[in-house]
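Heads up, the thing below is written out as structure tokens.
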Amino acid sequence: RASARAAAAASSESAKSARADVATTRGGTYDEITDKWIPEKPVTAVESVSYGAVALVGVGVAVGALWYGIGELLFAPPAQAAFDEALLLLERDPRIAVRVGTPMTSYGNEGRSRRGRQQLAHATEVDGHGNEWIIAQGAVRGPQGRGAVHLKARKDKESGEWVFAYVAVDV
Numbered sequence: 001r002a003s004a005r006a007a008a009a010a011s012s013e014s015a016k017s018a019r020a021d022v023a024t025t026r027g028g029t030y031d032e033i034t035d036k037w038i039p040e041k042p043v044t045a046v047e048s049v050s051y052g053a054v055a056l057v058g059v060g061v062a063v064g065a066l067w068y069g070i071g072e073l074l075f076a077p078p079a080q081a082a083f084d085e086a087l088l089l090l091e092r093d094p095r096i097a098v099r100v101g102t103p104m105t106s107y108g109n110e111g112r113s114r115r116g117r118q119q120l121a122h123a124t125e126v127d128g129h130g131n132e133w134i135i136a137q138g139a140v141r142g143p144q145g146r147g148a149v150h151l152k153a154r155k156d157k158e159s160g161e162w163v164f165a166y167v168a169v170d171v
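Each residue of the sequence shown is one higher than the one before, counting from 1 in the UniProt record's numbering.
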């Protein structure tokens, strides 16, 4: 048994010396676990700049996504704000309250798709005085029925309130 141990020790010692010889000629470190050479490459200036650029693009995409998400959650588009204000007017009108009922819910347009219900059909136009008018069409539903709402509105520059040229409901 002693001779077997001595032979094993001698073979491992010769393997270590062979690895040491190769290590000095190849450069890098030898990993005992994987039994592979791990070369040490220097990081060049081009690599550093490219890694920095990739990180900067990633941060830019993250900030853009955050900005878009906050904008969608906090700020309503002008057409939606005008339609919401028109819905408040319609809820106070007794003729509409009798035909549609209260509470009223509003949505984009009739259809089976969720996307269609979420998007409000609208257009903008500028008159001769420089006022931007929003023309919108949406749907309203209540316990007694449903209808289509058509409106034309602009935001007053001094007071910040919506001024309606017309609000029509087809029941």
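Glycine included, each C-beta is placed from N, C-alpha and C at the ideal position.
Source: prediction; values computed, not measured.
To the nearest angstrom, report how far apart L120 and K152 are at their CA atoms.
13 Å
By how many angstroms is the C-alpha of A139 removed from the C-alpha of Y107?
5 Å
Can you find the residues in the same chain that come closer than 6 Å, C-beta to C-beta, to R141, ignoring five residues on each side of it along the sequence?
T105
Express the C-alpha separation of V63 and E72 in angstroms, rounding to a whole number.
14 Å
Check whether the region 83-90 and the region 161-168 are in contact - that is, three or more C-beta pairs closer than 8 Å.
With a cut-off of 8 Å, the region 161-168 and the region 83-90 count as touching, because enough Cβ pairs lie within range.
I'd like the ranges of any beta strand (DSSP E) spanning at least 3 consecutive residues and lying wholly in the region 103-144.
Complete beta strand (DSSP E) runs here, min 3: 105-107, 121-126 and 132-141.
Taking 8 Å as the threshold (C-beta atoms), are H150 and I134 in contact?
no
Contact set for Q118: own chain, Cβ-Cβ below 8 Å, skip 5 residues either direction:
Here the set comprises Y107 and G108.
Taking the straight line between their C-alpha atoms, what separation do you get for Q144 and I96?
Near 10 Å, if we compare the C-alpha coordinates of I96 and Q144.
Quick check on the DSSP output: the beta strand (DSSP E) that includes F164 runs from which residue to which?
W162 to D170
Taking the CB atoms as reference points, tell me whether G147 and V100 lie closer together than 8 Å.
yes
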